[in-house]
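What follows is a short report on a single structure.
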Amino acid sequence: MINKALTDPGSIVVVGGSDNTAKPGGKVLKNLIDGNYAGKLFVTNPGKKEIQGIKSHSDVADLPHTDLAIIAIAAPLVPDTIEVLARQKGTRAFIVLSAGFSEESEAGAALERQMVDIVNSVQGVLIGPNCIGVLTPAHHSVFTRPIPRLDSSGCDFVSGSGATACFVMETGIPKGLTFASVFSVGNSAQTGVEDVVKYWDESFDPVYSARTKLLYIEHIERPHMLLHHASSLIRKGCRIAAVKAGSSEAGSRAASSHTGALASPDVAVDALFRKAGIVRCHSREELIAVATVFSYPPLKGKNLAVITHAGGPAVMLTDALEKGGLAVPPIEGQAAQELLEHLFPGSSVANPIDFLATGTAEQLGIVIDYTEKHFHHIDGMVVIFGTAGLFPVFDVYDLLEQRIRSCKKPVYPVLPSTLTAKEEVDAFIAKGRATFPDEVVLGNALTRVYNTPEPSVTMATHPPVDEERIRKVIDASSDGYLAPRDVQVLLDAAGIPRVQERIADTAEKAVDAAEELGYPLAMKVVGPVHKSDVGGVALGIADKKAVSETFLRMMQLKDAKGVLIQPMVSGIELFAGTKREDVFGHMVLCGMGGVLIEVLKDVAASLCPVNSDEAMEMISSLKGKAILDGVRGQPGVDAAVFADILVRLSALMEVAPEIFEMDLNPLLAKNDQVVAVDARINIIR
């Protein structure tokens, strides 16, 4: 676990230090010296007595007690070096910059395991190997640049890629983004991104800790640890944005069900982030933009005023905001007319508020003040102000910075003249403000933040299900798709409503079932996985003769074992399902059903356990939600009834984790009734 020896060591040794600052061992030592590290600093190098003005020891065995070791030597030498430091020198924190471990070969992986075993045995912490190091207020233990000015009001940042850590800082610093700490975890042999998030959570100080956390993740090994600690941090007042790279669709391509095909690893990542309240980004630029949004007060509602002296950027921003679910509503009334009187002729206050290219700093201040005090339906402001270079705009940016400090509504600055007004923008950033050079980037970032829900409750309260009946079916079943009768038992035991049905293995039994259920009927072959594709579904069966003929035809289909018979029901077709996804556990999915699931792929997902609020949020996020609400005089669907089915699916997965995939497609919904018409359950232990 991360300890004080790593974050605030009293002594540091650079193993493999050098005078050559083009090498990691030389550069990290220089960065420590230039960063004014205040503790005792040691170096080891067998060929030197002094390196960069620091006394050099020829062997780590000659060192005094040392809290933190930064290691930049050949991979095969690292385990023995750690052994001496851990056993003899009391070292409890290790940053291994060296490469040549699990990222290269099995032999390297074996060396990595040796290191971890040694460090674990003394309850120490290991960062890396194959990383760029760590930046904390106490020490600059990285061999790269840039090195930002560390500020506790900035961002804590952890990255699984050292290069990406550098590039994110390169992107953010010129825009005014500041950092509180940076962790590069490299191969994550012992300490991964999840461990750093756990450390941030467990060491959180409401006064001194950074409130913005940024993550770059390539592998999620412990999603439930990440979920727990990320959501805990957000509940404490933090905001988190993350890039998850490297998700693969390969697993979904091999799936045999609709749920399996839609529930890719990337869908699981989305579900995890939404459940935790993490804003998901897909690039460095998006991550920096969202982090910059986080540096301003939270937007309390969806209505924004766009204040500008340039029409084109305002139009593009408005499009981005509206597309993402935010609004740029009209501004009207007496106060709007009064504001117009303070502006030059030709100005507009309808929203966007355009005070023309000739507008002054004074006029900008008046516009912001009116928006803050008089336009009560506006929740925040975006100010777009650049320059053609005819005159300096220091006064405009000074006023803007002052209003950002004094306004209760958030004011987001878009300063696009990064060359023409470079001095003015730099002066604005020097006041501690981060900026957006592009209005659409800001608009997209605002909508990402707005559309990310708050963390869900940690524990879901499930409705009661018949656990004994469920376990009896599961324990008696072998791997593969369950027989229809067993599926019926599980649905009934979970309290999931289904259409009445009978299964026949002879034409006579089919006719008897049809007479019992009543016409018209639906008939479906039992056996083939994709019934529709092989002609195994017949609808509107109206008499005995049709039942008998359809039965005989279906029994000729490959893999046919019987025919399922149901009364015809009507309604809006919905879909619900579950999928077990590697380390993430089970997901519950929902969407529009029937063939629409394949065409539209309009699906929402959440990790189990799923509570009622999460289920309702999933349904509300569907693009087809308008259909559920009822369109063109057609009856809608009671979303609470649909949500109850999703919660019951989650409860079923808790009792029967052996279920690998489950499809309810379609569910037919009308008014306050939602019933399963077709269901499949696949068991893989």
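At position 261 of the sequence shown the residue is numbered 1105 (the working numbering), and the sequence of numbers has no breaks.
The beta-carbon is built from N, C-alpha and C at its ideal position, and this holds for glycine as well.
Query	Result
Which residues in the same chain as Arg1346 place their Cβ atom closer than 6 Å to its Cβ, once the five residues preceding and following it in sequence are excluded?	Ala1357 and Ile1409
Taking 9 Å as the cut-off, decide whether the C-beta atoms of Val1226 and Val1255 are in contact.	yes
Where are the alpha helix (DSSP H) runs, 4 residues long or more, that stay fully inside the region 1322-1395, in chain order?	1328-1338 and 1351-1361
Going by C-alpha distance, which of Leu1058, Phe938 and Val1391 is nearest Glu1352?	Val1391
For Tyr1052, count the other beta carbons within 10 Å of its own beta carbon; 16 or more makes it buried, fewer makes it exposed. Which is it?	exposed
Give the secondary structure of Phe1068 by DSSP, where H, G and I count as helix, E and B as strand, and everything else as coil.	First, the amino acid is wrong: residue 1068 is His here, not Phe. In this structure, His1068 counts as helix in the three-state DSSP scheme.
Closest to Ile1175 by C-alpha separation, out of Asp1223, Val1002, Ile1471 and Ile976, would be which residue?	Asp1223
Report the rounded CA-to-CA distance for Lys867 versus Val986, giving the unit in angstroms.	12 Å
In this structure, what does DSSP give as the bridge partners for Ser1108?	According to DSSP, which records beta bridges pairwise, Ser1108 is partnered with nothing at all.
Have a look at Arg1249 and Met1460 and give me their C-alpha separation to the nearest angstrom.	38 Å
How should Pro1328 be labelled, buried or exposed, when 16 other C-beta atoms within 10 angstroms of its C-beta is the threshold for buried?	buried
Throw me the rounded Cβ distance for the Pro890 and Asp906 pair, which I believe falls under 8 Å.	That belief does not hold up - the Cβ atoms of Pro890 and Asp906 are roughly 10 Å apart, past 8 Å.
Given Ala1024, which residues of its chain have a CB within under 7 Å of its CB, disregarding the five upstream and five downstream residues?	Leu994, Asp995, Ser996, Gly998, Cys999, Asp1000 and Ala1054
Given this structure, state the Cα-to-Cα distance separating Leu941 from Ala1274, to the nearest angstrom.	33 Å
Distance cutoff 9 Å, beta carbons only. Does Gly1020 sit that close to anything in chain D?	This model lacks chain D altogether; it includes just one protein chain.
Which ranges would you report for the beta strand (DSSP E) in the region 1226-1302 if only whole runs of at least 3 residues count?	1255-1258
How is Tyr1060 classed by DSSP in three states: helix, strand or coil?	strand
For Gly1177, does the count of other Cβ atoms within 10 angstroms reach 16, so buried, or fall short, so exposed?	exposed
In angstroms with no decimal places, state the Cα-to-Cα distance between Leu979 and Gly968.	18 Å
With a CB to CB cut of under 8 Å and the five nearest residues on each side skipped, what residues in its chain are close to Asp1239?	Ala1205
For the putative contact between Ser1075 and Gly1121, defined by C-beta atoms under 8 Å, what is the C-beta separation to the nearest angstrom?	6 Å
Helix, strand or coil for Gly854 per DSSP?	coil
Out of Ala1449, Pro981 and Asp1488, which one is the CA nearest neighbour of Lys1119?	Ala1449
Please state whether DSSP places Glu1425 in a helix, a strand or coil.	strand
Leaving out five residues before and five after Ile962 in sequence, what residues of the same chain have Cβ atoms less than 6 Å from its Cβ?	Ile926, Glu927 and Ala930
For the region 1123-1130 against the region 1258-1269, do three or more pairs of beta-carbon atoms, one drawn from each stretch, fall closer than 8 Å, so that the two count as touching?	no
Quick one: complete beta strand (DSSP E) runs, 3+ long, within the region 972-1009?	977-980, 983-986 and 994-1003
Is the separation between the beta-carbon of Val1193 and that of Val1211 shorter than 9 Å?	yes
What is the rounded straight-line gap between the Cα of Gln1207 and the Cα of Pro992?	36 Å
Let me know if Phe1235 comes out buried or exposed under the rule of 16 or more other beta-carbons within 10 Å of its beta-carbon.	exposed
Return the first residue and the last residue of the beta strand (DSSP E) that Gly1406 is part of.	Gly1406 to Pro1411
Should Leu921 and Val857 be called a contact, given that it needs their Cβ atoms to be closer than 9 Å?	no
Please report the straight-line C-alpha distance between Thr1231 and Gln1246, rounded to a whole angstrom.	19 Å
Return helix, strand or coil for Leu1200, following the three-state DSSP convention.	coil
Can the beta-carbon of Ile1503 be found less than 9 Å from the beta-carbon of Ile1527?	yes
Quickly, what does DSSP pair Lys1088 with across the bridge? List them, please.	Ile1061
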